[in-house]
Amino acid sequence: MDERVAEAPILRLRRPEDAAEIRDLMVRVYPPPHGPEAIWSTENLLRHLSHFPEGQLVVEAGRTLVGTATTHRVPLEAALAPHTWSEITGRGSLSTHDPEGDALYGVNIAVDRDWQGRGVGRLMYQARIDLARRLGCRAFVAGARIPGYHRVAEAMSPETYVEAVATGRIFDPTLSKQLRIGFQVRGVLRDYAPDVETMGHAALIVLTL
Ligand SMILES: CC(C)(COP(=O)(O)OP(=O)(O)OC[C@H]1O[C@@H](n2cnc3c(N)ncnc32)[C@H](O)[C@@H]1OP(=O)(O)O)[C@@H](O)C(=O)NCCC(=O)NCCS
1 MDERVAEAPI LRLRRPEDAA EIRDLMVRVY PPPHGPEAIW STENLLRHLS HFPEGQLVVE
61 AGRTLVGTAT THRVPLEAAL APHTWSEITG RGSLSTHDPE GDALYGVNIA VDRDWQGRGV
121 GRLMYQARID LARRLGCRAF VAGARIPGYH RVAEAMSPET YVEAVATGRI FDPTLSKQLR
181 IGFQVRGVLR DYAPDVETMG HAALIVLTL
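Shown next as structure tokens:
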């Protein structure tokens with residue numbers, strides 16, 4: 001078979017037996033100096049499936065997982081208010097999932113480094129947008145990583161950086177792609193989650209449905 005056909009990325013729902021491969025994928029996406037907090041625990045991966053199975057996606061290419069996305073539902077008001085990743089996700093467990101929540105919340109998304117920039121992220125974002133519409137959510141909200149920020153942190157605040165990315169003056173490896181998907185920046189979430197690249201900060205991004 002043509003290698004490109006055999007390796008064409010395929011989106012599907014996550015299964016319990018994917019946990020080990022998802023953890024391997026996260027290790028590849030977040031090598032040191034990222035700490036162990038960047039990697040899902042198997043317990044939390046299984047909890048996600050019990051809370052909201054239809055919000056958990058993976059992409060496989062050949063026999064390898066190259067993408068993973070975790071999503072839950074929360075009240076839109078909570079998603080738009082200042083929050084940390086830990087607060088809104090129940091420390092990553094999705095115990096905060098609200099089956100009636102009018103916002104779909106992007107808890108996590110990661111694409112294997114070799115596959116970034118090849119449409120795998122778009123595939124997962126589009127599936128999440130379609131899911132949010134099917135569920136009747138009013139918006140898709142996330143705290144967007146700004147991994148380029150640490151390079152300029154001495155020269156500008158996270159607010160100035162996010163504004164520069166939003167207006168296209170700076171390319172950020174994550175936030176710029178999310179803006180391409182159709183998200184809009186609504187502000188900065190300071191001290192959102194520990195992260196050596198973002199210095200802990202994130203952009204509050206919203207895609208109104
Ligand atoms: C952010 C991430 C999930 C995006 O996934 P991806 O597979 O790289 O994204 P895609 O290739 O689907 O690109 C998404 C959009 O950005 C655009 N894009 C991708 N790379 C780009 C680049 N280098 N320059 C400009 N635009 C680019 C794409 O063209 C696409 O828009 P389009 O569909 O309108 O053409 C991925 O880069 C990643 O895992 N990063 C590390 C972990 C992370 O930061 N996760 C986010 C947590 S908030």
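Going by our numbering, the residue at position 56 of the sequence shown is 56; the numbering climbs one at a time, nothing skipped. For glycine and all other residues, C-beta sits at the position ideal for the given N, C-alpha and C.
About 7 Å separates the beta carbon of Tyr105 from that of Ala142, a gap short enough to meet the 8 Å contact definition. Taking a C-beta distance under 8 Å as the contact criterion, Tyr192 and Trp85 qualify as a contact pair. Between Tyr30 and Ala19, the CB-CB gap reaches or exceeds 8 Å. With respect to the C-alpha of Val74, the residue from Tyr125, Pro158 and His83 having the closest C-alpha is His83. Cβ neighbours of His51 within its own chain (closer than 6 Å, five residues either side excluded): Leu94 and His97. DSSP, reduced to helix, strand and coil, places Leu94 outside both helices and strands of the structure shown, so it counts as coil.
Counting only the Cα atoms, Glu17 lies some 31 Å from Ala139. Within the same chain, Cβ atoms closer than 6 Å to the Cβ of Ala69 are found at Leu57, Ile109 and Met124, the five residues on either side in sequence being excluded. At a threshold of 7 Å, Gln116 counts as near ligand 1, since its beta carbon sits closer than that to one of the ligand's heavy atoms. Under the three-state reduction of DSSP output, Glu87 falls in the helix class.
Considering only Arg91, Arg23 and Gly182, the residue with the shortest C-alpha distance to Ile205 is Gly182. By the Cβ neighbour-count rule, Thr89 is buried, with 16 or more other Cβ atoms within 10 Å of its own. DSSP, reduced to helix, strand and coil, places Gly121 within a helical segment of the structure shown. Inclusion of Thr174 and Pro147 in the CB contact set at 8 Å is warranted, their separation being smaller than that value. Taking the Cα of Val111 as reference, the smallest distance to any Cα among Arg180, Val66 and His34 is reached at Val66. Between Ile129 and Pro32, the alpha-carbon positions lie close to 32 Å from each other. Taking the Cα of Leu80 as reference, the smallest distance to any Cα among Arg186, Thr198, Arg190 and Ala202 is reached at Arg186. The DSSP-derived three-state label of Thr160 is helix. According to the DSSP assignment, Ile109 belongs to the beta strand (DSSP E) that extends over Ala103 to Val111.
In chain order, Ala164 place their CB closer than 8 Å to the CB of Met156, counting only its own chain and leaving out the 5 sequence neighbours on each side.
Secondary structure at Ala81: coil, using DSSP grouped into helix, strand and coil.
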